[in-house]
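Chains as they are written, first to last, in my numbering: chain Y, 1 to 324; chain E, 1001 to 1902; chain S, 2001 to 2172; chain X, 3001 to 3592. Backbone N, C-alpha and C define an ideal beta-carbon position, used for all residues, glycine too. A quick note: this is a predicted structure, and the numbers were derived from the prediction, not measured. Have a look at the structure below, then the notes.
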Amino acid sequence: MFFENINWSYVLILPVIGGTMGGALVLVWWERRLLGFLQDRLGPNRVGWFGILQSLADAIKLVTKDDWVPPFGDRILFILAPIIVAGAMLMAYAVLPLGPGLIIADSNIAILWILAMSSLAVYGVLLAGLASNNKYSLLGGLRSAAQMVTYEVFMGLSLLGVVMLTGSFSLKDVVHAQEDMWFCIPQCVGLVIFLIAGLAESHRLPFDLPEAEHELTAGFHTEYSGMKFALIMAAEYLSLILISALIVVLFFGGWLGPQFLPSALLSGVLWYGFKVLIVINFFILLRAAIPRPRYDQLMSLGWKILLPLSLINVLITGAILLGT
Amino acid sequence: MATIHIDGTAYEAKAGENLLEAILSHHLDLPYFCWHPSMGSIGACRQCAIITYADETDTRGRLGMACMTSVTDGMRISVQAPLAKNFRSTVIEWLMENHPHDCPVCEEGGECHLQDMTVMTGHSMRRYRGTKRTWQNQNLGPFIGHEMNRCITCYRCVRFYDEYAGGSDLAAFGSRGRMYFGRFEDGALESEFAGNLVEVCPTGVFTDKPFAQSYSRKWDLQSAPSVCVGCAVGCNVFPAERYGELKRITNRYHGEVNGYFLCDRGRFGSHFVNHEKRIRHAGVRTRDGEYEFGDMKNAIKVASTALSKGAIGIGSPRASFENNFALRELVGAENFCAGIYDTELEIVNTALDVMSKKGIVVPTLKQVEEADAILVLGEDIANTSSRLALSVRQAVRTKSFAMATDANIPTWQDAGVRGHAQSEKSALFIATPAATRLDGIATQTASGSISELVSIGSAICRRIEKATPNSDDFAELVADSLRSARAPLIVTGSSLESVELVQAAANICRALQDQNQTSSFLFVPAEVNTIGVALLGGRMSLSSALQKMSEGHSAIVLENDLYFRAPATSVDQALESNNVVVLDTLENRTVEQASVVLPAATYAEQTGSFVNYESRAQRFYQVFQPRDEISPAWTWLSRLAEAFGTESSWDSYASVLEQCAERTFSQLKNIAPSSDYRIDTTSRIPRQTHRYSGRTAMNAQVNIHEPKAKVDPDTPFSYSMEGQNPGDQNGATIPYVWSPGWNSNQSVFKFQQEVAGELVGGDPGLRLIEPNGAPLEYFDLGTSEVSRKDGVFEVIPLHFVFGSDEMSNKSWPIQARAPAPFVLLCEQDADALEVKAKMGVRIDGESESVEIRIDTRLPSGVVGIPRGLVEFPPNGTGRVQLSVDPDFVARSSGDAEVIAKG
Amino acid sequence: MLSQIKTLWTVFVHLFKRNETVQYPEEMPYQAPRYRGRIILTRDPDGEERCVACNLCAVACPVDCIALQKTEKEEDGRWYPEFFRINFSRCIMCGLCEEACPTYAIQLTPDFELCEFDRNNMVYEKEHLLIEGTGKYPDYSFWQVAGKTIAGKDKGEAQKENSPEDVRSLLP
Amino acid sequence: MNAEAATVNPPTLDTPDIVRELSNRFGDDCQYQETVDGIPNVWINRDQVAEVLEFLKNDAENRYELMFDLSAIDERHRKFRADQPTSDFTVFYHLMSLSSDQDVRIKVPLRDEDSTLQSVESIYPVANWYEREAYDMFGIQFEGHPNLRRILTPPLWEGHPLRKEHPARATEMDPFSLPDEVQDAQQEALRFIPEEWGMSRSTKHTDFMFLNLGPNHPSVHGVFRIALQLDGEVIVQAVPDIGYHHRGQEKMAERQSWHTYIPYTDRIDYLGGVMNNFPYVLNVEQMAGIEVPPRAQVIRVMVSEMFRIASHLLFYGTFAQDVGQMSPVFYMFADRERLFSIVEAITGGRMHPSWFRIGGVCDDLPDGWYEMVTDFCDYMPARLDHYDTMALQNKILKNRTVGIGAYNTAEGLDWGITGPSLRATGHQWDLRKNRPYSSYDQFDFEIPTANNGDCYDRCVVRVEEIRQSLRIIRQCADNMPTGPYKADHPLTTPPAKERTMQDIETLIHHFLNVSWGPVIPPSESATLVEATKGWTSFYSISDGGTMAYRSRVRTPSFPALQQIPFISNGFMVADLIAIIASIDFVMADVDR
């Protein structure tokens, strides 16, 4: 009885958690190495083969560090915040397809779920900023909230085109809908907007205003250290993977190979992974190259350009859909 | 007064004064070599070239030597004119032709007048590419190193050594480009002023040999103003330290006392500070006679029990005034003994009495040099206070200066003055038992046993009162000279241990007073603080103190080897009791028998005052902080007082001084500025030069962290490079002489008001007694008949500059120059004993035989026995028997000939 | 937008450039001969110590990190440092000591590996400083230029010296 | 000294115009003193300070727009000053008229017991901090100063460091320790109390936030603190706080010989390397009267320009980094490393070469220098173009920096801004052109300027300077004169080594100059150079000794930081970061 009711997809929970966390670790290393190569240096290359264990070593260090909570902060929220951040990010993975059929919960509102979860993560960030009771953290938290409000809006809007083309919020459907043509072509505007919004959402360098090292030292996580800091870091990289995966799924045909190649050439999972990796690398390149706009510039970019653009995109997509 | 214009600026100067001196007196820079403030000008080195202009319109001028020019009113000269500068630079270029490439391995480097002058003239490019003339060096004995190649032929060495100090074994040989300054053959320089060659030589030909052994550059030395402990003259010195070791002594200029020169006992006699036999820890003698070191508290406790038994305090003429005072306070004046033997104390007290009488002039050394008739009665000053003898040597030139002035020769014109005077000298009469090294310049000498000398004194006294016409008797000649002199001077001392001698000298002064003549009285005490300790007034004599000790009284002995003072037998008895606390610096026979030994600081390691022969109290300052448990005697006495529970304890030198000045002589507080004295109200005075090196490495092997420099609460000095030594501060607080561009001791002129004059901040020291008491009365001197017996000799105590002083005897360079033990006999007595010089003789009661030396002037029936070399007094009776030792083998000695050399 | 793409491209091309990293310590960076690192004491061409304990390095040292004491060995006439101590924890590698040295004894070498966990180990004594060779100046020998007599070189035997004058030929 | 003739010079016909102008207007109280640097020194009464400076700035025939320097001298131990009025302390004002290329040094004598004079902060805004510094270092009171408090030393410091009685060495004091109560007291003293700075905590509608930026913050380039009064992220008021990097460079100059101070100068602007040696050795050479041989001059120019490039590259990289662009700084460090390998080959040092000497440079150029230098000159321009595309032309970077932190020439001069930061306002004045030293007049190069004086322009000017420096370096390499690298002058320290090792005369000069130190004749001199960040000057006073009696180090970064509130109020925190990045300062250069 019981077994029949089990959705076997739940078996994936542990591998997904493990895999994404592990992936985040490897990604930390890879980002540092790639940044190194881009900057005419080597990056971490001492621990393990090509330095691959560097992140592990860092993780061990962070985990074994003194668990310090600022005496002037809100203790409970301070501890809760990173858990929320990381938890929300992990939850988002529940609906993310990792390959054909490889999905924990093939929800028909997957896109909404992901948007919701990433908003929740921002809530965690906000809490972290507040709980630290540090002015830099506070500013970081505030920026984060404002940034979320701004970018969440057209992040959703930018996806509407895809949703309209697919006719479903299910990511599996989105992928299947791209068998003829990847959405990156019809939805190129949506792609760019989503890319920017995704960057802002995962606060990576050009849009890392909530932490903006040069302005707010480390923004919302200034006071964090040890394991809690590790959780925040992990969440950042989870979010990077998530956004990259979403971009692949939404705009680059997920696990689908290019139409002109025999689909047997590479398994879907590998195609998927390959494409995600390219997007991740692009993000890393962005981080290496692009300066950080000012907070209000980012806001006006969002409200004054991206929001109208995404609305226009939705309108045009809608118009075309209606027209056909 | 005259006005001279130097490079367009007007300055005041004295008409007729030497122009070079006038320029330097204004602290302007002008290079020179051969000129020396004490020796005048000879115009040999051509270094002090200047341009003199005829009048305001003269723009070319005439090149001349400043040192050979007299100041005239309104004269115009230029020091900076290119012609003069070029000339000076060219002179240096010539001098440098043969100068070796030695600075890094030369002891003079960094304080070399030649270096300074080379830089001052700006000659930095060598054009001469030929070869250098070289010389072989000589071994000049343990004091002086010789490196002849460095010579620049300024002649200062021979002018000082031969002409100024009366030496005979250093000469200039050769002519023109081939000049050699040295002895006829290798051997120690005989003069006891040879050490001054180190400072007189403008380059590194003559160097301080003991210093070279453990050499440090001048900029690395820590020093403070101090006073020589070699004798009672109280010469001002700079002891210098590095790495906790006393490295050397140099002269500290004092216009009235030592001027520019020291004797070799002073210069080389301080290495006892580094002696391996220094007492470094407090020790308590256990029952088995061994000492237990390391438990300072116990030592204090044991020592303080001596106080509970009403201890006697035995002071010391070689301890500072303050240390003696501290002891006196601790034991009470009635239990305090000055630490000098009864006879000597009586002599000193007599002399002090005379010095305080109305009309008596006690001359400074500078005043001695101005005397034109001198009688030395009974004291071999060349050996007991050599620096005084050097001044007496200058005094006999007084006449030549008078003659020169009459002949319109400037007194600074050295060759002219000497040439004009030929062998004319002022009157100097010496009446001593044996020959002295001043005999050569004496007008006449007289010999005799002690009582005979007293008689001579009485005779002179009578002749002054009533002249005997046309007699060429010694006494008559002396009386005549003294009576007619402008500034007569009577010198006597305590070394013959005869109070009558001092009284006889005083009588002569008295007689001169009757003739309305100045009566200058110079009494030579034995040790550095003899006058001080006598002024402190111990009520107990040393003999009664020893007597009481042998009866079981406890005692505290302050820096005093009693065996040096009193007959060994009585000291032995006194020390037998087991409660004698000894504070001293070096192990000696007294220390060996003490129940508690406490390590006292030497003069270089503490601050205090000494009182010299003229009763001038002078402050000496701690040069460096001693290591281990060594600390100034007053600190030990203070701890004893504290342990015993008396009220007199002191927490700083300033507090000792405060009390001392209050209870003894208030001038003591004024002889040097107090500890809050600051330069320009802000800065301390540094003991280290501003370029002191190695601060962060000197002690790094022990502690990598540099410690805080100790703050000195007792003095205005700092133990670091921090502070200012500008040269115009109080004269007692000059820790070293240096001025930009003048790295050698020649920089001293920047510290003087005028060349060879008073220090800018005043010559330091104040007299504790001023002659303003009752009129001097005649002493009544009975005549005593001398009975003579064959084989029994009257003992005459002799003194020798190297060997008769307790402390300098422990200094290794002095030991190297000290002669082997000997006795002095006249030829007649030697013949009677059938002995000759260098043969051996045994003094009865002594185990070792000693060498015989023959003296030309010694009267028959007396034997001269040198203190310090032979245990003295041999038996305390004043008479000894001598027996010939046929098996005697002469021992090698530092220098044999000096003592008897006339 | 275009400027951003240009920027991305200019950074991207660096992926294909040789990296600048030197894999120290496996790979040693090139050090110029003049590089001012660890201080050594060198020897004369004849193998004897060059340092004559003249103290010029110590006094030229702005941070006063050099201390030494002069001594002499037996009767060879040379000056030596009895001890020679450099407190490297204070040294700023300014090179003034090398420049001040009149014998080329003290030299700075291109060895920069001077790290210790304990500051006390940064104190180098003569035995740590003295090397066997002549360092950067293979030919110079101070004692052949200086006029002082040393074992094996009497007066008049240094460079540009005449043989000593005969004192006995002089007039008194 | 009783030199009667050496009295104060009354103004005569051949005295400079400004002296006559001042004495005509302010009467005979103005006394004239000559110094070897040719700058007229005018002594005035302390009551006249404001009046005289007001006149000089606004009404004099030549307007003295720039207060270049203000500090004091503790005269109490000084011996050679017969040509000056007596004083315990002297406050001096170094004013410059760039329009007429004239300098004047106004001096005010003060007595120890009453060392008070008027503040001129309202006339020259830049005087504000300089007066605080003079108060901090000497205890001189400036009446009317709005905020006369310590600036370089901690608030609870005892004594005034540059007074002669204050010890120079730490070993004169107790070993450092920080018991809790002392730490608490020190921290309490550092507390930012807005009211003390004339600020309010809130208005009717807003509560302000006070944010402490620094002293440890990634973008303040060292240890620098700005207390910010924020309305949201908008800066209402900024209060810079300096002194965390203060090492007492000027005090050290008074305890090192003229020669052994050189390594310390390296550490003033630690990015400038030999550029710091430059004004110092020029200073000493001017006092000593040393003529530096042409080869040494050109070597000095070449190595200095290398350091200008190195410093500008670091500025450029961190500028981009501070606005969030991560990579350029790495490429520029790599370029800088190439430069350093040349510097290493030539000088043996890297950031602290201590390579200039009194009278020349330490050593001749090494074998192969020409190839190294020209290779670099060939390599670098393409890289600069590359960076132009990567950074300077980037729209985001432009958005972040154009129009931010702008000031015009007059404002710049008011605040004592010099060098590239002033040229970014369109003011074409470069010491290398306008007052050429060390043969700069022999070189063909341009003075880049920009117009807006904002963050972006400050960067553009510096980038262009790199190109000009490359031009100069190539000219140096191609036209390197032959001849000695050190002067023959006896005060050259140390003299040429080859001669030292063979010739006794030279050895003697070597011996004394490296040990006791060269004796520099009594004199005063200020020398200015166009350093990497603006004008650096040393104003040294020799009292005829082997050490400086006083050595005033005037650096460009110090006034630049003072200007921060003026140019950043109303901007956002992120703009402040861009402004700080564009100022191009190092804290060592500020605090000294």
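Taking buried to mean at least 16 other C-beta atoms within 10 Å of its own C-beta, is residue i buried or exposed?
| i | result |
| --- | --- |
| Ala-3227 of chain X | buried |
| Lys-1209 of chain E | buried |
| Pro-3494 of chain X | buried |
| Lys-1218 of chain E | buried |
| Glu-1897 of chain E | Low per-residue confidence applies at Glu-1897 of chain E: pLDDT is 49, beneath 50, and the placement is therefore not dependable, though the value from the model is reported in the following sentence. Classification of Glu-1897 of chain E: exposed, given that the 10 Å Cβ count is below 16. |
| Glu-1497 of chain E | buried |
| Glu-3004 of chain X | Because Glu-3004 of chain X carries a pLDDT of 38, less than 50, the predicted location of this residue cannot be relied on, and the following value inherits that uncertainty. Exposed, since its Cβ has fewer than 16 Cβ neighbours within 10 Å. |
Taking residue i as the reference, give the member of the options with the closest Cα.
| i | options | result |
| --- | --- | --- |
| Tyr-2104 of chain S | S:Lys-2153, S:Tyr-2124, S:Phe-2117 and S:Asp-2139 | S:Asp-2139 |
| Ile-1023 of chain E | E:Met-1039, E:Ile-1006 and E:His-1036 | E:Ile-1006 |
| Gln-1413 of chain E | E:Glu-1192, E:Ser-1308, E:Ala-1066 and E:Asn-1383 | E:Ala-1066 |
| Tyr-3135 of chain X | X:Phe-3340, X:Ile-3541 and X:Phe-3089 | X:Phe-3089 |
| Ile-3106 of chain X | X:Phe-3068, X:Asp-3114 and X:Ser-3115 | X:Phe-3068 |
| His-3312 of chain X | X:Leu-3384, X:Leu-3022 and X:Asp-3037 | X:Leu-3384 |
| Glu-3530 of chain X | X:Ser-3304, X:Arg-3081, X:Arg-3201 and X:Tyr-3379 | X:Ser-3304 |
| Gly-327 of chain Y | Y:Leu-98, Y:Leu-298, Y:Val-189 and Y:Ile-316 | Because chain Y is modelled from 1 through 324, residue 327 of chain Y falls outside the range shown and cannot be assessed. |
| Cys-2097 of chain S | S:Ala-2060, S:Thr-2007, S:Phe-2142 and S:Glu-2125 | S:Ala-2060 |
| Asp-1805 of chain E | E:Arg-1565, E:Ser-1320 and E:Gln-1517 | E:Arg-1565 |
Could you give the C-beta distance for residue i and residue j, rounded to a whole number, given that I count them as a contact under 8 Å?
| i | j | result |
| --- | --- | --- |
| Leu-1583 of chain E | Arg-1328 of chain E | Not confirmed; about 14 Å, so no contact. |
| Tyr-3440 of chain X | Val-3301 of chain X | 6 Å |
| Thr-1069 of chain E | Arg-1062 of chain E | The pair is not a contact, with the Cβ atoms about 10 Å apart (cut-off 8 Å). |
I'd like the span of the alpha helix (DSSP H) that includes residue i, first residue to last.
| i | result |
| --- | --- |
| Ser-119 of chain Y | 110 to 131 |
Taking the beta strand (DSSP E) that residue i falls in, what are its first and last residues?
| i | result |
| --- | --- |
| Lys-2136 of chain S | Segment: none, Lys-2136 of chain S is in no beta strand (DSSP E) and carries neither H nor E. |
Output the residue ranges of the alpha helix (DSSP H) runs that lie fully inside the stretch 1377 to 1456 of chain E and measure 4 residues or longer, sorted by chain position.
Taking only runs of at least 4 residues, the alpha helix (DSSP H) segments lying wholly in the stretch 1377 to 1456 of chain E are 1381 to 1384, 1386 to 1395, 1398 to 1406 and 1414 to 1421.
What residue ranges within the stretch 1591 to 1670 of chain E form continuous beta strand (DSSP E) runs of no fewer than 3 residues, ordered along the chain?
For the stretch 1591 to 1670 of chain E, whole beta strand (DSSP E) runs of length 3 or above, ordered along the chain, are 1596 to 1599, 1608 to 1611 and 1616 to 1620.
Please list the segments of the alpha helix (DSSP H) lying wholly inside the stretch 2065 to 2101 of chain S, counting only runs of 4 or more residues, in order along the chain.
If we require 4 residues or more, the alpha helix (DSSP H) runs fully inside the stretch 2065 to 2101 of chain S come out as 2096 to 2100.
Whole runs of the beta strand (DSSP E) within the stretch 1175 to 1210 of chain E, excluding any shorter than 3 residues:
Secondary structure in the stretch 1175 to 1210 of chain E: the beta strand (DSSP E) runs of 3 residues or longer, each lying completely within the stretch, are 1178 to 1182 and 1206 to 1208 in chain order.
Write down every uninterrupted run of the alpha helix (DSSP H) in the stretch 3166 to 3206 of chain X whose length is 4 residues or greater and which is fully enclosed by it, in chain order.
Taking only runs of at least 4 residues, the alpha helix (DSSP H) segments lying wholly in the stretch 3166 to 3206 of chain X are 3180 to 3190.
What runs of the beta strand (DSSP E), each 3 residues or longer, lie entirely inside the stretch 3239 to 3264 of chain X?
List check, beta strand (DSSP E) in window: nothing returned.
Which full runs of the beta strand (DSSP E) of 3+ residues lie inside the stretch 1769 to 1838 of chain E, going along the chain?
Secondary structure within the stretch 1769 to 1838 of chain E: the beta strand (DSSP E) runs of 3 or more consecutive residues, fully enclosed, are 1792 to 1798 and 1822 to 1826 (chain order).
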